[in-house]
Amino acid sequence: MSRLVRASAALVLTSALVVPFAPTASASVPANPEDGADFTLTILHANDPESQLLPAPEQAGFGGADRFTTLLHRLREAEDSGTGAEEGEADEHGVVTVNAGDMYLPGPEFAASREEGAPFYDAVAAGHAEYDAISMGNHEFDFGPDVYAEFLEQLDGDTTVVAANVDVSAESRLAALEEEGRIAPSTVVEASGHEVGVVGALYPPLDTITSPRGVVVEDLVEPVQAEVDRLTEAGVDKVVLISHLQNIAYEERVAQELTGVDAIVAGGGHEVMAGPDDALVPGDEVTAHPETGEPLAYPLMATNPEGVGVPIVTAGSNYKYVGRLVVNFDGGDVVSVSDRSGPVRVSGTGEDAVEPHPEVAEQVTGPVSEYVAGLAEAEVARSEVDLNGVRDPGVRTRETNLGNLVADALLDTGVRNADEYGVPAPRIGIQNGGGIRNSSVIPAGPLTSLDTYSIAPFANQVAVVPEIPRSQVKELLEQGVAAAPAASGAFMQVAGVNFAYDPERTAQVVDEEGVVLTPGERVRNVVLHDGTVLVEDGEVVEGEPITVVTNDFSARGGDMYPFRGADFTVVGATYQGALENLLTGTLEGRVTEEAYPEGGSGRIVVGEQATVPDGDGGGKPTDPPSGDPTDPADPTDPADPTAPPTAGPTAPTDPGKDPGKPGGDAGGPLPTTGGALFGLVAAAAVAVAAGGAALYLARRRGGAAEGEAAETDS
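With mature numbering (1 follows the signal peptide of the UniProt record, and there is no 0) applied, the sequence shown covers -27 to -1, 1 to 687.
Okay, here's the thing in structure tokens:
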């Protein structure tokens, strides 16, 4: 890695800048230049739509792919004609329209596209948006490169995917698209007779937060600079970088290293940037700058090596905003950014309301609404107890009963499917807290198929890691509690094991490869549910290795889990599918208070001595009363491979994925992709009436609302 990329990766993974950095003032791009502008370029931009095709329940009057498309078209027409131009802008106006990636995200709305015979609804929506260029995002690879290729094959052919630091040659379908010019390092867009170069860049440590398989992401600065230089030498004097780097501070670093870039559109961090007069979607707040803590103004200015100011912008996520950056050029140089630049919210109410785009409503939001409504009606179990999926305090800080349920689901599927996939039966289940995404307390009562997607929305596959040395098992547990008592996506929920830890003792430190730099001393006692002691008084008890089941995001080192490249096998289910199988099969549709008490069952305790295991904790794999446990009640689990081969962590065979940060937003060490907030559908239902679909909130969950968005989640 280059110095910049190493520093930036450290920033994203630890949320701390490596060296002091003060955001530069916009003095090098004056707001009121003495020199006039000969061309005004408006960059209309979005990022991280993440399959939030329907408005989120808690913000039902805002967002939605159909309203977004209407607003985008309206703004493009106005900017092209110069309507609303202010003093200092040129007579000649042009527009480019870009999206900085994460075009889809596993979850209920995405699952609609996986139904047999259904179109790829996210691609249909993107086609109606008529983007000139889009960047790759990490979530594009959550189901592996083939699903991403399917998305691009159904995307309008006039949109180019730009990625200067990505090599897709090892993936045949993506390589074919590259051969056709659909994927390229850059593209040149004609805007009112002016050539505008658009270069793309993707987060370099991609394989730590998603499943790119044979796709290779290179260090960033050198290939991007080379592409900018090539465009400049070809006579293109206006260049925009669209990048998906998980955190806008990363883009700040990049801007300091590149020359010839006039503006940067960022994605992956879900940051909301705005001025005091910009209207935001109710409930949204301007994101604080990660270094200064000050609200992020639109745009954020950085200074390149030549002392030139570079505006950096992003526009929230989930179809809630269209960003509008108005840049004035004179002779190819940026001379100002117009004051009217800023986010424009996608509203269905009030003076700024827009009507849904009729074709998008008919072709996308209507059928997706019907599908999601079906999930909301499909009861898979009933719970006698409230299930706690709150992040903090909750699944990212301590044992919870919902965390136990998800970990039990992994162990249940791992044990059931071990023989079929030729692996030893696992004895421990590990689920990273960042992968549990509902961020709420689910009240006692019915659990629906939609609930399982809200809890476990990613494409993470259940992965068995055979015969881990006991010392490495301790290292895994140490990593789970390394950030305690602070909340972290790496905090693990476990099955098949009880352990005790002391947060006052030395925390483990690992590098990006999972190599232990500072041994942890927090894990004091570890006991399997069959009574086998693995750790006593902080010391590993010698004995046979232990087979572990987790999700493939964690198995390949997500959240810095120290698996260190251990081989693993995905065993025929996503973690959402495993959860639904546990509920409908082993638990026979009943989540009892005895098995899953509200305060947890003592699997993880603070102290020196683990609690004595009582039976098998939660669900013990047994044959369900009827049906095949690998056949969930919901027939739509899109990510269930029929026969996934054994795969090493750096080369998943099929889908794979993101944490619950996600890649994003994996929380803790990994960026939550999206910096901290994505609108997972926690409890929405859809009513279809009068020939149209209306989204309404079926029931609100108690507890904390999703407050982040990038577990890298992002």
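Every residue, glycine too, gets a C-beta built ideally from N, C-alpha and C.
Exercise. May I have the straight-line CA-CA distance separating glycine 208 from threonine 43, to the nearest angstrom?
Key: Position 235 of the sequence shown holds residue 208. Position 70 of the sequence shown holds residue 43. Cα to Cα, glycine 208 sits roughly 34 Å from threonine 43.
Quiz item: What are the residues that DSSP puts in a beta bridge with glutamate 168?
Solution: Counted from its first residue, the sequence shown places residue 168 at position 195. The partner list for glutamate 168 (beta bridge, DSSP) reads Glu163.
Practice problem: Indicate the three-state DSSP secondary structure (helix, strand or coil) for asparagine 361 in the structure shown. | Solution: Locating residue 361 in the sequence shown gives position 388, counting from the first residue. Correct three-state label for asparagine 361: strand.
Quiz prompt | Minimum length 3: unbroken beta strand (DSSP E) runs contained in the segment 206 to 293 | solution = 212 to 217, 236 to 240, 273 to 276 and 282 to 286
Quiz item: Between methionine 246 and valine 213, is the Cβ-Cβ spacing less than 8 Å?
Solution: As a working mapping, residue 246 is identified with position 273 in the sequence shown. As a working mapping, residue 213 is identified with position 240 in the sequence shown. No, they are not a contact pair.
Practice problem: Closer than 8 Å by C-beta to threonine 479: which residues in its own chain qualify, once you throw out the five before and the five after it? Chain order, please. | Solution: The residue you call residue 479 lines up with position 506 of the sequence shown. Excluding sequence neighbours, threonine 479 sits near Thr491, Pro492, Gly493, Glu494 and Arg495.
Quiz item: How is tyrosine 104 classed by DSSP in three states: helix, strand or coil?
Solution: On the sequence shown, residue 104 is found 131 positions in, with the first residue counted as 1. The answer is coil: DSSP assigns tyrosine 104 none of H, G, I, E or B.
Practice problem: Verify whether the separation of the beta carbon atoms of asparagine 405 and serine 527 is less than 8 Å. | Solution: As a working note, residue 405 is residue 432 in the sequence shown. As a working note, residue 527 is residue 554 in the sequence shown. Taking 8 Å as the Cβ cut-off, asparagine 405 and serine 527 qualify as a contacting pair.
Quiz prompt | Beta bridge counterpart(s) of glycine 402 as assigned by DSSP | solution = Numbered from 1 along the sequence shown, position 429 holds the residue referred to as residue 402. Paired residue(s): Ala468 and Val522.
Quiz item: Among the residues of its own chain, which have a CB less than 6 Å from the CB of glycine 187, if the five just before and after it don't count?
Solution: Taking the first residue of the sequence shown as position 1, residue 187 is located at position 214. Ala143 and Glu144, listed in sequence order.
Practice problem: Classify aspartate 385 as buried or exposed, calling it buried when 16 or more other Cβ atoms lie within 10 Å of its own Cβ. | Solution: Along the sequence shown, one-based indexing puts residue 385 at 412. Label assigned to aspartate 385: buried.
Exercise. Report yes if the C-beta distance between leucine 27 and serine 342 is below 8 Å; otherwise report no.
Key: Position 54 of the sequence shown, counting from 1, holds the residue named residue 27. Position 369 of the sequence shown, counting from 1, holds the residue named residue 342. Taking 8 Å as the Cβ cut-off, leucine 27 and serine 342 qualify as a contacting pair.
Self-check item: Beta-carbon contacts of serine 311 that lie in its chain and below 7 Å, excluding the five residues immediately before and after
Solution: Stepping through the sequence shown from its first residue, residue 311 is reached at position 338. Excluding sequence neighbours, serine 311 sits near Glu59, Gly61, Glu62, Val299 and Asn301.
Practice problem: Check each candidate in Leu269, Lys293, Ser290 and Asp251 and name the one with the smallest Cα separation from serine 314. | Solution: To locate residue 314, count along the sequence shown from 1; it is residue 341. That would be Asp251, whose Cα lies nearest to the Cα of serine 314.
Quiz item: Skipping 5 residues on each side, what residues in its chain have a beta carbon closer than 6 Å to that of aspartate 39?
Solution: One-based indexing of the sequence shown puts residue 39 at position 66. For aspartate 39, where only same-chain residues beyond five positions count, the Cβ hits under 6 Å are Pro329, His330, Val333, Ala334 and Thr338.
Quiz item: Applying the criterion that 16 or more other CB atoms from any shown protein chain within 10 Å of the CB defines a buried residue, is arginine 529 buried or exposed?
Solution: Walking along the sequence shown from the start, residue 529 turns up at place 556. Counting Cβ neighbours within 10 Å, arginine 529 comes out buried, since at least 16 surround it.
Practice problem: Would you mind giving the Cβ-Cβ distance between valine 238 and valine 71, rounded to the nearest angstrom? I have them listed as a contact below 8 Å. | Solution: For this step, residue 238 is matched to residue 265 along the sequence shown. For this step, residue 71 is matched to residue 98 along the sequence shown. Right, their Cβ atoms sit about 6 Å apart.
Self-check item: Rounded straight-line distance, which links the Cα of threonine 132 to that of phenylalanine 124
Solution: Along the sequence shown, one-based indexing puts residue 124 at 151. Along the sequence shown, one-based indexing puts residue 132 at 159. Roughly 12 Å between the two C-alpha positions.
Self-check item: Integer Cβ distance of serine 216 from glutamate 224, believed to fall under 8 Å
Solution: The residue you call residue 216 lines up with position 243 of the sequence shown. The residue you call residue 224 lines up with position 251 of the sequence shown. About 6 Å separates the two Cβ atoms, so the contact holds.
Quiz prompt | valine 437 vs alanine 539 beta-carbon contact at 8 Å | solution = Residue mapping note: residue 437 aligns to position 464 of the sequence shown, counting from 1. Residue mapping note: residue 539 aligns to position 566 of the sequence shown, counting from 1. No. Outside cutoff.
Quiz prompt | Cβ-Cβ distance between residue 702 and valine 283 below 8 Å | solution = The requested residue 702 is not part of the displayed model; the chain covers only -27 to 687.
Quiz item: Using the rule of at least 16 other Cβ atoms within 10 Å of the residue's Cβ for burial, across every protein chain shown, is glutamate 151 buried or exposed?
Solution: Along the sequence shown, one-based indexing puts residue 151 at 178. Result: buried.
Quiz item: Near tyrosine 77, what residues of its chain come up, given a Cβ to Cβ distance below 6 Å and the 5 sequence neighbours on each side ignored?
Solution: Here residue 77 is taken as the residue at index 104 of the sequence shown, counted from 1. Excluding residues within five positions, the ones whose Cβ falls inside 6 Å are Ser24, Phe83 and Asp95.
Quiz item: Would you call serine 184 buried or exposed, if buried means 16 or more other Cβ atoms sit within 10 Å of its Cβ?
Solution: By 1-based counting over the sequence shown, the position of residue 184 is 211. Label assigned to serine 184: buried.
Quiz prompt | For tyrosine 548: DSSP bridge partner residues | solution = Working through the sequence shown from its first residue, we reach residue 548 at position 575. Paired residues: none, contrary to the question.
Quiz item: alanine 468 and asparagine 374: beta carbons closer than 8 Å?
Solution: For the purposes of this step, residue 468 is identified with residue 495 of the sequence shown, where counting begins at 1. For the purposes of this step, residue 374 is identified with residue 401 of the sequence shown, where counting begins at 1. Result no, Cβ atoms of alanine 468 and asparagine 374 do not sit closer than 8 Å.
Quiz item: I think serine 108 touches glycine 173, with their Cβ atoms under 8 Å apart; what is that distance to the nearest whole Å?
Solution: Sequence index remark: in the sequence shown, residue 108 carries index 135 (1-based). Sequence index remark: in the sequence shown, residue 173 carries index 200 (1-based). Rounded, the Cβ-Cβ distance is 4 Å, consistent with contact.
Quiz item: In terms of alpha-carbon separation, which member of Pro366, Gln445, Arg443 and Leu204 lies closest to serine 413?
Solution: Here the question's residue 413 lines up with position 440 in the sequence shown. That would be Pro366, whose Cα lies nearest to the Cα of serine 413.
Quiz item: By DSSP, does valine 188 sit in helix, in strand, or in coil?
Solution: The count along the sequence shown starts at 1 and reaches residue 188 at position 215. Of the three classes helix, strand and coil, the one that applies to valine 188 here is coil, per DSSP.
Quiz item: Under a three-way DSSP split, which group does glycine 408 fall into?
Solution: Residue mapping note: residue 408 aligns to position 435 of the sequence shown, counting from 1. Looking at glycine 408 - three-state DSSP - the assignment turns out to be helix.
Practice problem: Compute the distance between the beta-carbons of residue 691 and arginine 443, then report whether it is under 8 Å. | Solution: The structure shown does not extend to residue 691, since the chain is modelled only from -27 through 687, so no value can be given for it.
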